[in-house]
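Straight run, no breaks: the sequence shown in the working numbering ends on number 157.
Encoded as structure tokens, the structure appears first; notes follow it.
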Amino acid sequence: LLWSAQGVTDPAGLRTAPSAGALYPLELHLVVGEVTELPAGVYRYQVDSHQLARVATGDRRTTLSGAAFGQSWIARAAAVLVISAVYDRTTVKYGRRGPLYVHLEAGHVAQNVALQAVALDLGMTPVGAFDDQRVKSVVEMADREGPLYLLPLGRT
């Protein structure tokens, strides 16, 4: 699922989703609750090595659900993929149009994850209703990042 979102597909560093200027402003965080052979916690996807780096331990799905205005089904997902953006990676080149390109890229990534989820017989629904600061806190996001999407994943 993570590879479908941002996996490297070319020795030049190109990825599975298009990115304006190949600047790749998106970051992926995974809030895990019930995933076989992966302890509950928060992880950050390391694109270059295709690995997860643990950021925090413990099940934070309920807290993330609270940050999403109480959407209880987020707490019941096996895991939630959180897509965030570092806007200045794109705005440095594209100025005021940069945020538009970042948002388009997030849509491409979410579509790739949705398609891969279906192929794996999983359910996924993109969520955009949440409190940005609370989501940042739950996933221990860097200051310069902003959350864009929550993608709850699990068996249907």
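The beta carbon of each residue, even a glycine, is placed where N, CA and C say it ideally should be.
A quick note: this is a predicted structure, and the numbers were derived from the prediction, not measured.
Proximity to residue i [Cα-Cα], best of the options
{"i": "Q72", "options": "D133, V128, V87", "result": "V128"}
{"i": "L53", "options": "A18, L24, L2", "result": "L2"}
{"i": "G147", "options": "V114, A78, L27", "result": "L27"}
{"i": "Y95", "options": "A21, A6, L65, P12", "result": "A21"}
{"i": "A6", "options": "L39, L116, T64", "result": "L116"}
Sequence-distant residues of its chain with Cβ nearer than 8 Å to residue i (five each side left out)
{"i": "G59", "result": "A41, G42"}
{"i": "L15", "result": "V9, A23"}
{"i": "R156", "result": "A79, D122, L123, G124"}
Close Cβ partners of residue i (< 7 Å) along its chain, the five nearest in sequence each way excluded
{"i": "H51", "result": "W4, G8"}
{"i": "R62", "result": "V32, G34, I75, A76, A78, V81"}
DSSP three-state assignment for residue i, whether helix, strand or coil
{"i": "V48", "result": "coil"}
{"i": "P12", "result": "coil"}
{"i": "T17", "result": "coil"}
{"i": "T91", "result": "helix"}
Spatial neighbours of residue i in its chain, beta-carbon cut-off 6 Å, leaving aside the 5 residues before and after
{"i": "D89", "result": "none"}
{"i": "P153", "result": "I75, A78, V81"}
Residues bridged to residue i [DSSP beta-bridge criterion]
{"i": "A86", "result": "L27, G147"}
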